[in-house]
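> I have a structure I would like to understand better, so I am pasting it below and will then ask my questions one at a time.
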Amino acid sequence: MSEEDWLRQDRLPHIFCAGCGNGTVINCTLSAVEQMGWKRQETVFVSGIGCSSRAPGYISTDSLHTTHGRALAFATGIKLANPQLNIVVFTGDGDLAAIGGNHFIHACRRNIDLTVVCLNNMIYGMTGGQGSPTTPMGGLSTTTPYGSGEPAFDLCGLATAAGANYVARWTSYHVRELTRAILTGLENPGFSFVESLVQCPTNYGRRNRFKQVADQIEYFKSHTILVEKAARMREKGEMIPPDMILAGEFVRRNRPALGVRP
Ligand SMILES: Cc1ncc(C[n+]2csc(CCOP(=O)(O)OP(=O)(O)O)c2C)c(N)n1
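The opening position of the sequence shown corresponds to residue 97 in the working numbering, with each subsequent residue numbered one higher.
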C-alpha cells in the first residue's frame, strides 16, 4: 500500500483552490498513517467545518465531517466508545481555535489519545477570508482591511500549557519534517497536536504580499527558526524577530492520558 491507496479516488477532483497547501499536509498525514501500518478499518478521520475540514471526505476510511468547532468533541466520543480505533482529526485555525477553542483546551487537558493535524492558513478560508485567531499582527483580511491589530494565537504554546503530550509545528514547505512530526504524534500516546502553516493563495496570499504561491512557501522556508535555536537566542538575550515562525518539537512527554488502549 502507499498513501494513494488511502484516497477515495472517486471523490476527485477535490475542492481546494490551485496552489492551496492543504493537499501537501493531507499527503504528509497519509504517509505517516501508512508508515504506522494502520488498517483502514481501525482508523477514523474526523473534522469540523472549513476547507481543511473537507480532508476526511477524500480518505477511504470511516470518517466524520462534523459541525464547526466540534471535531474534538466527536473525536472524544469515538475514542471513549472504542479505544481500539486510531483517530486523526483534521482542523483549521478557525475551527480549532475560534469557535472550537474551548474544546481544544479541554482535549489537551484530558490528554485524550488522538492526533490533531491543524492546517493553519491564518484565515477563514472557506467563507472568503475573514481574520482568524492566527491572523498575524498587521495581516490583511476581509475583516481586518487595515491590518489586524491583535496578536496571533500561539496554538502550540496553548496546547503545551493545556497538557498535550506531543506538540510540534512545521509548514507546508517542510514536507519531511512535517511527516516525521505527524508520525511521532501518531506513535505517542495521549493528545498529539501538530500544526502546519499552509499557504492560502486565494484568501490570504493575494491580500498580503504573496503574489505567487511560491512566495508564501519561500517565506515559510526563510522565516522558520528551530525551537532549539530560539531557546539558545533567548538565553543569550538576543531578540527573536516577531515575524519568525518557531518550528520543531515543543513537547514530548508521557502524562497520564485518556483513552489509551489497554
Ligand atoms: C456554527 C457555524 N458558524 C459559522 C459557520 C461558517 N463557517 C464555515 S467555515 C468557517 C471558517 C473556516 O475557517 P477555518 O476553520 O480556519 O478553515 P479553512 O476554511 O480556513 O480551512 C466558518 C466561519 C458555520 N459553518 N457554522
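Using N, Cα and C, we set each Cβ at its ideal position, and we do this for glycine too.
In this text the structure is predicted, and so the values were computed from the model without any measurement.
What do you reckon, is the C-beta of Ser44 under 7 Å from a heavy atom of ligand 1?
Because the chain here runs from 97 to 358, residue 44 falls outside it and cannot be looked at.
> What did DSSP end up calling Gly190 once you bin it into helix, strand or coil?
The answer is helix: DSSP assigns Gly190 an H, G or I state.
> Within the present structure, is the beta-carbon of His164 separated from the nearest heavy atom of ligand 1 by less than 7 Å?
Checking the Cβ of His164 against ligand 1 gives yes.
> Evaluate contact between the region 192–208 and the region 343–356, counting only Cβ atoms and requiring at least three cross-stretch pairs below 8 Å.
Counting Cβ pairs under 8 Å, three or more are found: they touch.
> Have a look at the DSSP bridge pairing and note the partners of Ile183.
Val140, per the DSSP bridge assignment.
> Report all residues from its chain with a CB closer than 6 Å to the CB of Val347; omit the five preceding and five following residues, and keep chain order.
Thr256 and Val263, listed in sequence order.
> Enumerate in chain order the residues of its own chain whose CB-to-CB distance from Arg247 is below 8 Å, with the five nearest sequence positions on each side excluded.
Position check: residue 247 holds Pro in this sequence, whereas Arg was assumed. Correct list, in chain order: Met233.
> Can you give the Cα-Cα distance for Leu160 and Ala151, rounded to whole angstroms?
Looking at the two C-alpha atoms, the distance is approximately 10 Å.
> Assign Ala327 to buried or exposed, taking buried as 16 or more other Cβ atoms, counted over all protein chains shown, within 10 Å of its Cβ.
By the 10 Å Cβ count, Ala327 comes out exposed.
> Across the region 175–195 and the region 220–240, are there enough close Cβ pairs to call them in contact, namely three or more that are closer than 8 Å?
Touching, yes.
> Gly344: which of Thr298, Gly253 and Asp311 sits nearest, CA to CA?
Gly344 has its Cα closest to that of Gly253, out of Thr298, Gly253 and Asp311.
> Could you give the distance in angstroms between the alpha-carbon of Ala310 and the alpha-carbon of Tyr300?
Taking the straight line joining both Cα atoms gives about 13 Å.
> Helix, strand or coil: which one does DSSP assign to Trp430?
Any question about residue 430 goes unanswered here, given that the chain covers just 97 to 358.
> Helix, strand or coil: which one does DSSP assign to Asp250?
In the structure shown, Asp250 sits in coil (DSSP, three-state: anything other than H, G, I, E or B).
> Please determine whether the Cβ atom of Ser143 lies at a distance below 7 Å from any heavy atom of ligand 1.
No, since every heavy atom of ligand 1 falls outside the 7 Å radius drawn around the Cβ of Ser143.
> Less than 7 Å separating the Cβ of Gly188 from some heavy atom of ligand 1?
Yes, the Cβ of Gly188 comes within 7 Å of a heavy atom of ligand 1.
> What do you get for Ser98, buried or exposed, if any count of 16 or more other CB atoms within 10 angstroms of its CB means buried?
With fewer than 16 Cβ atoms within 10 Å of its Cβ, Ser98 is classed as exposed.
> Under 7 Å: does the beta carbon of Gly146 sit that close to some heavy atom of ligand 1?
Answer for Gly146: yes, Cβ within range of ligand 1.
> Are the region 179–187 and the region 136–156 touching by the rule of at least three beta carbon pairs closer than 8 Å?
Verdict: yes, contact present.
> Could you tell me the distance, in whole angstroms, from the CA atom of Gly235 to the CA atom of Arg302?
About 11 Å.
> By the 10 Å Cβ neighbour count, where 16 or more other Cβ atoms means buried, how is Gln295 classified, buried or exposed?
Gln295 comes out buried.
> Would the region 324–342 and the region 279–287 be scored as touching if the rule is three or more Cβ pairs under 8 Å?
Touching, no.
> Inspect the beta-carbon positions of Gly225 and Ser237 and report whether they are closer than 8 Å.
Yes; because the gap between Cβ atoms is below 8 Å, this pair is in contact.
> Is the beta carbon of Leu382 within less than 7 Å of some heavy atom of ligand 1?
No answer is possible for residue 382: the residues shown for the chain start at 97 and end at 358.
> Look up Val212 in the DSSP assignment and say whether it is helix, strand or coil.
Of the three classes helix, strand and coil, the one that applies to Val212 here is strand, per DSSP.
> Could you name the residues of the same chain whose beta carbon sits closer than 6 Å to that of Cys204, not counting the 5 residues immediately before and after it, in chain order?
Cβ neighbours of Cys204 beyond the five flanking positions: Ala255, Ala258, Gly259, Ala260 and Phe287.
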